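Undergrad:
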Amino acid sequence: MDQPIRLKNNGQINIVLNSQKRHAYPKEGERGTLTQKQRKQATTEELDALQALERELDQLVGLSEMKKIMKEIYAWIVINKKRQEAGLKPGKQALHMLFKGNPGTGKTTVARLIGTLLQRMEVLSKGHLIEAERADLVGEYIGHTAQKTRDLVKKSLGGILFIDEAYSLGRGGEKDFGKEAIDTLVKHMEDKHQEFVLILAGYKEEMDHFLTLNPGLYSRFPIVIDFPDYTTKELMEIAQTMLDDKEYVFSQEATRQFQAHLENVQSRESNNHFSNGRYVRNVLEKSIRAHSMRLLTEQEFDRAELMTLRSLDLKM
Ligand SMILES: Nc1ncnc2c1ncn2[C@@H]1O[C@H](COP(=O)(O)OP(=O)(O)OP(=O)(O)O)[C@@H](O)[C@H]1O
Ligand SMILES: [Mg+2]
335 MDQPIRLKNN
345 GQINIVLNSQ
355 KRHAYPKEGE
365 RGTLTQKQRK
375 QATTEELDAL
385 QALERELDQL
395 VGLSEMKKIM
405 KEIYAWIVIN
415 KKRQEAGLKP
425 GKQALHMLFK
435 GNPGTGKTTV
445 ARLIGTLLQR
455 MEVLSKGHLI
465 EAERADLVGE
475 YIGHTAQKTR
485 DLVKKSLGGI
495 LFIDEAYSLG
505 RGGEKDFGKE
515 AIDTLVKHME
525 DKHQEFVLIL
535 AGYKEEMDHF
545 LTLNPGLYSR
555 FPIVIDFPDY
565 TTKELMEIAQ
575 TMLDDKEYVF
585 SQEATRQFQA
595 HLENVQSRES
605 NNHFSNGRYV
615 RNVLEKSIRA
625 HSMRLLTEQE
635 FDRAELMTLR
645 SLDLKM
């Protein structure tokens, strides 16, 4: 049985799992026998789709480990279908993930992107992201926590349940209801592992400690992704992406000053105080407001000036 993978005109990948149009690659009699031309066409489309995925991932700066894993998941899905076509057992893999990293290193952004990608790969039916934290899971009396956690899992079916600062579930010790939330989650991860993807995120040290609290926890997350702090060069690229997106540019002097400032802050701040991409976003937003005020005061509405953030606009 053939599973066409199509590249839409807009570059989006569309994997058709149970398409009625299977005859896109007509069979030559025997199951799975394609002419050489058809085989080549199928392979090209799959590689095109892989390249489209790469382009999408490349919109995010850095994060090479995450990108590698997403490509592997894609490859696994394609090969899994090929294996089925060849009469082999379909593979099953839970895709629950652990994200470890400091603030602003892209965890929430990536969780959202993964939802979209897995939906497009038809691994998830909806691909939506539900972001939750301790208070959304932990209740106030016996039985309340299990109920709240079950409800949350229910809402997440077909998509991703993303629990930020997940280590806080393990903070209160044995008597805390957080443990009940963990136990309920663990149970649902197994029972419904094909129906939703659970992503737990948090700072590295806290997450490492959290995983020691329940011996079965670590092995239930086959995918662990580290989100390292960005280098100054990467932060400058992130700033560039954000500016492009908002249709602003830095003047040469503003670029130089911002870079020098980032180098300075990064050498000064202890690791988990600096908020990486979020810091860049905040500086840009403050600077854009200062720029607006300056132009309004100067009555300067020239197109180039409307776009250009100068060093005197930088608010860091
Ligand atoms: N690799 C990246 N490329 C482009 N922009 C990025 C990247 N990483 C982060 N950003 C931007 O930085 C900001 C913060 O990212 P995000 O909210 O995903 O971080 P986080 O790891 O979830 O932080 P926290 O732990 O504090 O919740 C967002 O505006 C995001 O768009
Ligand atoms: Mg986040």
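What the sequence shown shows, in our numbering, is residues 335 to 650, in sequence order.
For glycine and all other residues, C-beta sits at the position ideal for the given N, C-alpha and C.
In this text, all values refer to a predicted model and were calculated from it rather than measured experimentally.
1) Could you give the first and the last residue of the continuous beta strand (DSSP E) run that contains alanine 535?
2) Do you know how far the Cα of leucine 432 is from the Cα of tyrosine 408?
3) For glutamate 406, list the residues DSSP reports as bridge partners.
4) Could you name each continuous alpha helix (DSSP H) segment of 4 residues or more that falls completely within the stretch 447–484, going from the start of the chain to the end?
5) For valine 395, is the beta carbon positioned less than 7 Å from some heavy atom of ligand 1?
6) Relative to ligand 1, is the shortest distance from any of its heavy atoms to the C-beta of proline 437 smaller than 7 Å?
7) Report the three-state DSSP secondary structure of lysine 441 (helix, strand or coil).
8) Going straight from the alpha carbon of threonine 661 to that of isoleucine 494, what length do you get?
9) How long is the line joining the alpha carbons of phenylalanine 307 and leucine 648, rounded to whole angstroms?
10) Any idea which residues DSSP pairs phenylalanine 561 with across the strands?
11) From this set, Ala594, Ser585, Thr439, which residue's C-alpha is nearest serine 609's C-alpha?
12) Using a threshold of 8 Å, state whether the C-beta atoms of leucine 452 and valine 531 are closer than that.
13) State the beta-bridge partners of threonine 642 as determined by DSSP.
14) With a threshold of 16 other CB atoms inside 10 Å of the CB of isoleucine 572, please say whether the residue is buried or exposed.
15) Within the continuous beta strand (DSSP E) that includes leucine 495, where are the two ends?
16) Look up methionine 650 in the DSSP assignment and say whether it is helix, strand or coil.
17) Arginine 615 and proline 437: beta carbons closer than 8 Å?
18) So is glutamine 574 in contact with chain B if we call contact Cβ pairs under 8 Å?
19) For serine 459, which residues from the same chain have a beta carbon less than 6 Å from its beta carbon, with the 5 sequence-adjacent residues on both sides left out?
20) Let's test the definition: count the other Cβ atoms within 10 Å of the Cβ of methionine 641 and tell me whether it reaches 16, buried, or not, exposed.
21) By Cβ distance, which residues of its chain are closer than 7 Å to serine 621, with the 5 residues on each side in sequence left out?
22) Could you give the DSSP three-state label for threonine 369: helix, strand or coil?
TA: Once the coordinates are examined:
1) It spans 531–536 - the beta strand (DSSP E) in which alanine 535 sits, taken as one unbroken run.
2) Rounded to the nearest whole angstrom, the C-alpha separation of tyrosine 408 and leucine 432 is 18 Å.
3) Glutamate 406 is not bridged to any residue.
4) Whole alpha helix (DSSP H) segments, 4+ residues: 468–471.
5) The answer is yes for valine 395.
6) Because some heavy atom of ligand 1 lies under 7 Å away, the Cβ of proline 437 counts as near it: yes.
7) In the displayed model, lysine 441 falls within a helix according to three-state DSSP.
8) Because the chain is modelled from 335 through 650, residue 661 falls outside the range shown and cannot be assessed.
9) The chain is shown from 335 up to 650; residue 307 falls before or after that span and cannot be answered.
10) The beta-bridge partner set that DSSP reports for phenylalanine 561 consists of Gly435.
11) Ranking Ala594, Ser585, Thr439 by Cα distance to serine 609 puts Thr439 first.
12) A contact, by the Cβ cut-off of 8 Å.
13) DSSP output for threonine 642 lists Val583 as bridge partner(s).
14) Looking at its Cβ environment, which holds 16 or more other Cβ atoms inside 10 Å, isoleucine 572 is buried.
15) Where leucine 495 is concerned, the enclosing beta strand (DSSP E) stretches over 494–497.
16) In this structure, DSSP gives methionine 650 a state outside helix and strand, which the three-state scheme calls coil.
17) Cβ atoms of arginine 615 and proline 437: not closer than 8 Å.
18) Looking at the structure shown, chain B is missing, and only one protein chain is on hand.
19) Within the same chain, serine 459 has close Cβ partners Gly492.
20) Counting Cβ neighbours within 10 Å, methionine 641 comes out exposed, since fewer than 16 surround it.
21) So the list reads Leu643, Asp647, Leu648, Lys649, once near-sequence residues are dropped.
22) Residue state, collapsed to three classes: coil.
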